Amino acid sequence: MSPTHDATPGATPARGAHIADPGPLGLAAFALTTFVLSLVNAGLLPATVEPVVFGLALAYGGGAQLLAGMWEFTKGNVFGATAFSSFGAFWISFWWLTAHLEGYKIPAGDVGKGVGTYLVAWGIFTALMTVCATRVNPAVLTVFVLLTITFFLLGIGDLTGTEGITKIGGYAGILTAIAAWFGAFAGVFAFTHGRQLVPSSARQD
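Count the sequence shown with our numbering and you get residues 8 to 212, in order.
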């Protein structure tokens, strides 16, 4: 999430310098999809509208974020590439799992166990990435801390069948989405205004 810089004569171009920063796209795609789903999880929207999330999960949260991850590979950003590619794949898997769950004919008592384990496993991965995010910037770190909490709350809610925990996880997801939206805004703002809103903790190029 850095503004453009004039090339120094004779200097070796940075890896992927010809590609715009894909970070804001990845964060924005994650934010919007997470926000809509979290409104359902928090009970602010009825569960009957959850299919609205499917298109977002496949095209924006999944497809756009996966593309952002591929572009981060080109720029040599291992953290961004791993994070965006993984969560892009998460949203695609979420779309497939949720849209086809009834067709699997899983016993009703086992659905929560499977989905809960799925979410907790993603929580473990996110917690590991949170450690790495401490060297990125405060905005990204905030997203990963909140997302870790969200995954574990939602996972525990499904594993135990406790609707109250799932609702708390939904509110945590809303906060996660807001943090991710700010990160996306900060990245685009840095490009259009040439001024950083969030200091970087480590070099990402």
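All C-beta atoms in this analysis are idealised placements derived from N, C-alpha and C, irrespective of residue type, glycine included. In this text, all values refer to a predicted model and were calculated from it rather than measured experimentally.
Quiz item: Ordered along the chain, which non-local residues of its own chain (more than five positions away) have a Cβ less than 7 Å from that of Lys120?
Solution: If we look at Lys120 and ignore the five residues flanking it on each side, its Cβ neighbours are Leu166.
Self-check item: Cβ separation of Ala186 and Thr149, assumed to be a contact under 8 Å, to the nearest whole Å
Solution: The C-beta distance from Ala186 to Thr149 rounds to 5 Å, short enough to meet the 8 Å contact threshold.
Quiz item: Is Thr124 helix, strand or coil by DSSP?
Solution: Note: Thr124 maps to helix in three-state DSSP.
Practice problem: Rounded to whole angstroms, what's the CA-CA distance from Met136 to Gly130? Just pull it up for me. | Solution: Cα-Cα distance, rounded: 10 Å.
Quiz prompt | Cα-Cα separation between Leu108 and Phe198, rounded to whole angstroms | solution = Going by the C-alpha atoms only, they are around 42 Å apart.
Practice problem: Quick one: give me the first and last residue of the alpha helix (DSSP H) that Ile181 is part of. | Solution: Annotation: the continuous alpha helix (DSSP H) that includes Ile181 extends over 170 to 200.
Quiz item: Helix, strand or coil: which one does DSSP assign to Thr15?
Solution: Residue placement at Thr15 is flagged as unreliable, the pLDDT there being 46, under the threshold of 50; a coordinate-derived value is accordingly withheld.
Self-check item: Three-state secondary structure (DSSP) of Leu51
Solution: Coil at Leu51, not helix or strand.
Quiz item: Roughly how many angstroms lie between the CA atoms of Ala54 and Leu73, to the nearest whole one?
Solution: Cα to Cα, the separation comes out at about 27 Å.
Practice problem: Keeping to the same chain, check which residues put their C-beta closer than 6 Å to that of Thr169; ignore five residues upstream and five downstream. | Solution: Around Thr169, the same chain offers no residue with a beta carbon nearer than 6 Å, after the five sequence neighbours per side are excluded.
Quiz item: How long is the line joining the alpha carbons of Val122 and Phe132, rounded to whole angstroms?
Solution: Distance between the alpha carbons of Val122 and Phe132: 16 Å.
Practice problem: Identify every run of the alpha helix (DSSP H) within the region 92 to 173, keeping only runs that are complete inside it and at least 4 residues long; order them along the chain. | Solution: Counting whole runs of 4 or more residues, the region 92 to 173 contains the alpha helix (DSSP H) stretches 115 to 140, 145 to 167.
Self-check item: CB of Thr157 within 9 Å of CB of Ser45, strictly
Solution: Contact flag set, yes.
Quiz item: Taking C-beta to C-beta, are Pro29 and Trp78 nearer than 9 Å?
Solution: Cβ atoms of Pro29 and Trp78: closer than 9 Å.
Practice problem: State the DSSP-derived secondary structure class of Leu46, mapped to helix, strand or coil. | Solution: Note: Leu46 maps to helix in three-state DSSP.
Quiz item: How big is the Cα-Cα spacing for Phe61 and Trp188?
Solution: Roughly 20 Å between the two C-alpha positions.
Quiz item: With distances taken between CB atoms, is the gap from Thr41 to Gly69 smaller than 9 Å?
Solution: The criterion of a C-beta distance shorter than 9 Å is not satisfied by Thr41 and Gly69.
Self-check item: 8 Å Cβ shell around Val47 - same chain, five flanking residues per side excluded
Solution: Cβ within range, chain order: Pro53, Ala54, Val56, Glu57, Val60, Gly177.
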